[in-house]
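Protein chains in written order, with our numbering: chain S, 28 to 1035; chain B, 28 to 1035. Scroll down for the structure; my scribbles are underneath it.
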């Protein structure tokens, strides 16, 4: 730490504070509604949550009924009254009893929230915005204008967004000649401060391409470029400045690449006024910054960087935690402040090639930049300061006074997209660690506010209690904590590279004969069935040997021999085989994924997550067995010792589907195995090569012979034989309702020599609905419905095949959905640019096409994507409207990319429709009504209900998966009750009293 | 506290100690094997347990193989060597490596344990005993002689016990004239000490009547009298003295009554030398003593009392705790000492009419008696002192010195029955609170040993930590602790009186028409079936209305309407209905029992415990629902909230058997109801009147209409209709395998309109075996097998119907079993004297008789009790030998009092036979081999295994009940997994992040 510099920074900061003493940002002004409400929110965390959520939904509340209902739902306490603070300003209209008429209260709240929103927006209309910008300039501030509305779900919306920019540029073009340049120390009097364009635009690149995704950097950059270039061209024509904003981490790589491509594009290479944003809170920014400067020097191109701390801290952290990734942001606030100072210095050191925009409201950070620039003799023309419009007014004023170069970041546009921005701003103002809150609301001491963040960090770390072994991170009672296998992170280039490489690898060695695996030995048969790539039938993955009755007998005999040993292997040892298998699968994860991509047409991420789920099952069931493997003492009576424990049922027939060919198969097999039941596994013929992956994993893990037997075979030859065999004690089946019910019936017939009642665990179909409530966040709902319905071609039992839309929002939702669905890319799943691939097999293709005919008869086709490859098992993505609840298309499971849209009068009506099938597997609700969400929790009766998110992708442990009614028997895979179904409980009672003498145990209920 | 007296007591005690200073009981003499072993046992609790258990089994270890195996199993540590202390005395034979040859070690241990046993016994043979008694008299001690062997399981054994007394009296008669009277202050020189007979006999009354039981005081007293009178007659003829010992609490009342009857019997009324024992440790003894003295004064008859502290303290406490009774003994040792002093004073105050024998080894207690007697001027001729033979030698010597009147309690007889006595003595010597241990082994200070026990108690209570709310007695997480309903306590006269009164009450009002109960209303039908008393067909209990298809429809409709409300009633509220129902049942317990006694022929206790089990189910499932009713958060990822919870399945058809007509019925119904599933209940026609009890209980508890519907009906008319009905979601069945399998098959067929897969919970039959190992305690094994096989006429699915006896013990066990079974009383269950009653119905009678014919063909009838009432559904109790494992009688469930006996070569062979049926419900093992017990735990694969006790009577929570294979589907009633089967799990996942803002919850896995 340079103590001299630090002292100067603190001194500068003190001066800064002094110069604005007594002022406060308008948002904290308690003379007004907003200030009062902010104050209350900072004191009351649950009010804050409700307030921010209410602000979020507010733009959707167009009717008086809707507004008053939401006010009540969000804010009414037990006394059925809303907090006084919200009603402030409507005092004069108080009734005799001090109660407002609801109309007046609504009006007050509406007016105030709109005013609060407008505070951060330079205008809702273009004209208003341009006027606002002119006014700011008159006050001495430069601007950069930003169009609200980053969420574009379709190319049409992306076009509109582009057009919005062109429109505001047009409007500015008509005015900007009238604007006087702001004075400064630079040379060109037509430029602001003598060196920078008056017109300055900021843009969020992801909004310019609805199909942008991190797995496809090149495609995403191209898509964005196609709309950014016209904008930049216009900016250049106007002699303006363009800044490419940095959004969440998943767009980081494409944004950096976009900047490089645009900066080096021959058309624009000569034009210097292009900036990019870096976020100091990202751990990778030091590296990105160094890279960028190095690149600029190599290219000999001047660049410009706006350095911010970052506005998505909560989200990045939550997303990382949810996905099992390292948290990408600094986890202590001072660490971001330190990074900001460090990176600012790097930029300033490179001021010859890099223009710097310091964007912070933090007076310490600003002072640091000022003093560092001074120390490094950076000319004023090489850096500027930026703050957000409507925020931190004292800071902008102070900056204007001291630096004379302040640019305001000015969003404009509709309130609806604007609310996302508003919520971020409110968060920034009210977070406990917010500099603004601490400075202007909490009255933290100046010394602390200006403290070197390195010191702050040290103090915070020292004050932090040592992490306690709370049983949660340490695991419980010696059982290691379960953690889901991490989701694939496509922001990591190595992850993206691994897929093509794994695919190429298996391609180089596939095509041979795959044997059965019985009693630990490969068994080849004459009879084989080939398995092929559904995107390209001519590509054969393997010839799969087929078990006949003799092989089933051999497998059952092997399993029986194994049973007598395996059942007495300790739970710990059995669990260890699962742990080892998980290790093997984790090591082979890309290879295992590649098989699925080629055999059933899974997309990269879908395939990887299938493998991850399989690993999770292995890890979770192993832990569950450790838990359940411990005998429990029952009761506490002295002289009596009761122990409850579990034993395996016998031999398990595992019959699995092709859609989660690894995860579901190994999940069922692992559950059976770890509980002590040897397995005879019959995979689906559609995914038999992936089925063989289980053999590969278990063999490598050293599972004893006979415990797992791989028996693919023709159902017509050996299906019933296996199910009906008296040696089979349980049947674990996942698949269609028809087959599941047939198995249950067959298994209920006791065969000669059968020694036990067969247990059937059947996970069957679904006809899953997502309800779109009238206040649903459509930016979210459209994308999640799309994913739920068409992810992996809709071939998930959890997939959404009905979307039930409440009337008032029907048109808005459906039109956006259709456009979004119209734009997704369809083609081989091998290519990560494609959103949807072929269905898994030609028979399935035929079936789906039949249902599309039914859809055409029963309803109105809203979308039918016939722009699909001619070869391979492709089917048109289809959305059908005018569907009634009793239509076949609304009742039967299709298992393909066919989505029925139903209209409901009310939310209750939607629930009624949703519950109105024989199935009860998954469901979803998009709503921002607390009462409707609560009602859905109770009354949307499905196995897995998802609120405000997609309804596929249940994770082991976190979302135990499975349904009831005709969707299944009420088991739940990956949940705490699952393994119980594989075991029979036993209780051993010992009378420990002999001759009147009973040893007393510690946990006896002995005399007090 | 009389401080003067107390000081004198302490002074006297000090003198006493002084007079014996330096001496110690021989058992603590560390110069010998016993002393060393006792010393080690007192230092090492687990060794003590093993030692006492080994001593218990020791007399059965007749072969070298058996002895060495048990030594290894009981004492070998990890180093596979037995503790050195056990081998002491065999030192000279040590091998080179310090290891004994096993032969020599065995011999050493055998010799030493026999010597230890003999130490407490005056002789094993009569002749040896009489010689021993003469020797004691020469040493100045009087005696009272006691014949070991209190456990008599048959009348033949009771006869033998009586004859043993007559034999020893004969032998004494031949000798006693030669004995000089002991000198004393009394007047008659032919009497000991001048006033008491030389011949003195103590006797345990329970041993004189194998059918003694507390429920039948009068019958028990008569049975005992029949064998005691000849003994007493002989004692009187010899001018001797008889003392009736007090045994465990269950014999207390009959012993007191026995004393009164014998004392007032015209034949003996004139003869004063009859004594009874009172136990100071019983809380009721103050009352008993006062009563006895009052009675003596009323009768104007002198009496004699031996006051002891009591030798069954552990057992009384354990039995009370296991049965849910108040602990009948003082729970603090000083309380018993206080009671002893208090009661001794009362007796001494009444010395004019009550002769006193002070029987204690406690020098404080003895001193207290001496000083109190002195204070009260009690003549020496009115009290004496007693100690046990072989115990506390210094005390007896001191007593002889000081009082001159010491009688030794002298057991004699075989080692096998003697070992029970030996274990009690070892316990008495080694217990932490033992006066002998404290005085002579631990070296406790004399002041403490002689302290007034009142003071000791106060100190102990003060030192005791306040009871901590440990979650165990308080219940867990707000759910009240579950406690089993108390067993019936027939030592309480009110309990005995309640049954005849309840029976009379229902008799006075029975006979009418019992309606169905549908939708909260009585429904009468034309069609009725009468239900009668199986002991007396002419006694009709009721005409039961019969549901047809229309009534089933009505019930299902009512249940369906109720379902839509009931499923959303909170778990707490549903649980409360069960709590209320339990309250009602508890209040009506005797009435509910009476119905079973008359309708299905249950014995009083069996009926009461059936009701108690029903109450337990209500209480337990209510608590289980409170536990399971709380949604669980799954995973801890921030921004995501997953809740796992359960919902009811739908309508439950409950089809119950007649053998536990209340418990099983209300258990299944309660489980369904509390989990939210309305019930249509079809009772067995054999117990339909008891079935109606459910209606009565639930109606009184206020259960809403339609939640419980009572639908008795003919299976042929409505059985399949109910099972196959599409509205039925689950079928809870308990009954035969045939019906259970049929239901499973029927339920697997999906009917038109059916919306769910039906769940069948089927508890079916058993063919339960008890294994008798070669070291089994036959005193226990015979009685427990008897109860397991013939309790409630063998009509329990848990009943023992095979006893598998290991060869070496076969003859001894079987002969005792047959004799015991030959003596039990058979007749109406209404009469508590009867052990066995009629089977429940004439069809069952026919079935059992058919099986008896099979038994006669397949094996050799060992016992067939044809001495049964001619009227009513009686069947002969039958035991059949020479049965092979594959015989029908060894494979098929009979459900009646027919027991097959099978011989096994080894314990492993016995296990193989035991496991060799299609059933796996209950099993039992009587063994004292630690390894065999451990092996049985693992390999005796049944739902409920019982070690060293009967295998019926599973208690809710303590012994979750149910089997697998063809015995059931692996559910366990009354266990922690039971309710899960009645519900479908649901998981609701909420994405709590909106606009990048996620409220962080306390249990989130947020950043550290």
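Each residue gets a CB set at the ideal place from its N, CA and C atoms; glycine is no exception.
Could you spell out where the alpha helix (DSSP H) holding residue i opens and where it closes?
| i | result |
| --- | --- |
| residue 350/S | 340–350 |
| residue 1123/B | Nothing about residue 1123/B can be read from this structure; chain B reaches only from 28 to 1035. |
| residue 535/S | 520–536 |
| residue 721/S | 715–727 |
| residue 93/B | 91–102 |
Kindly list, in the order they appear in chain S, the residues whose Cβ is closer than 9 Å to that of residue i.
| i | result |
| --- | --- |
| residue 1024/B | 76, 79, 80, 83, 341, 342, 450, 451, 453, 454 |
Using a cut-off of 8 Å between C-beta atoms, extract the partners of residue i located in chain B.
| i | result |
| --- | --- |
| residue 857/S | Those within 8 Å of residue 857/S in chain B number zero; the least Cβ separation is about 31 Å. |
Is residue i near residue j, with beta carbons less than 8 Å apart?
| i | j | result |
| --- | --- | --- |
| residue 566/B | residue 560/B | yes |
| residue 206/S | residue 161/S | yes |
| residue 433/S | residue 168/S | yes |
| residue 6/B | residue 265/B | Outside the modelled stretch of chain B, which goes from 28 to 1035, sits residue 6/B, for which no answer is possible. |
| residue 972/B | residue 922/B | no |
| residue 302/S | residue 371/S | no |
| residue 397/S | residue 41/S | no |
| residue 682/S | residue 868/S | no |
Taking residue i and residue j to be in contact with their CB atoms under 8 Å, please state how far apart those CB atoms are, rounded to whole angstroms.
| i | j | result |
| --- | --- | --- |
| residue 1058/S | residue 582/S | No answer is possible for residue 1058/S: it lies beyond the span of chain S, which begins at 28 and ends at 1035. |
| residue 468/S | residue 69/S | 6 Å |
| residue 851/S | residue 837/S | Wrong, their Cβ atoms sit about 22 Å apart, outside the cutoff. |
| residue 1036/S | residue 991/S | The structure shown has nothing for residue 1036/S, since chain S only spans 28 to 1035. |
At a CB-CB cut-off below 7 Å, which residues of chain S make contact with residue i?
| i | result |
| --- | --- |
| residue 1034/B | 344, 354, 358 |
| residue 775/B | 771, 772, 775 |
Using a Cβ cut-off of 7 Å, pull out every chain B residue sitting near residue i, in sequence order please.
| i | result |
| --- | --- |
| residue 987/S | 661, 671, 1012, 1014 |
What are the boundary residues of the beta strand (DSSP E) that residue i is part of?
| i | result |
| --- | --- |
| residue 1012/S | 1010–1018 |
| residue 218/S | Premise fails: residue 218/S is in no beta strand (DSSP E) and is neither H nor E. |
| residue 410/B | 410–415 |
How would you list, in chain order, the residues of chain B whose beta-carbon sits under 9 Å from the beta-carbon of residue i?
| i | result |
| --- | --- |
| residue 932/S | Within chain B, no residue comes near residue 932/S; the closest Cβ sits about 21 Å away, beyond 9 Å. |
Subject >> Inter-stretch contact at 8 Å, needing at least 3 Cβ pairs: the stretch 917–935 of chain S / the stretch 781–798 of chain S >> reply: By the Cβ test, the stretch 917–935 of chain S is in contact with the stretch 781–798 of chain S, since at least three Cβ pairs between them sit closer than 8 Å.
Original post:
Between the stretch 644–655 of chain S and the stretch 685–699 of chain S, are three or more C-beta pairs nearer than 8 Å?
Top reply: Result yes; three or more Cβ-Cβ pairs closer than 8 Å.
Original post:
Is it a yes or a no for the stretch 652–660 of chain B touching the stretch 872–889 of chain B, going by three-plus beta-carbon pairs under 8 Å?
Top reply: Counting Cβ pairs under 8 Å, fewer than three are found: no touch.
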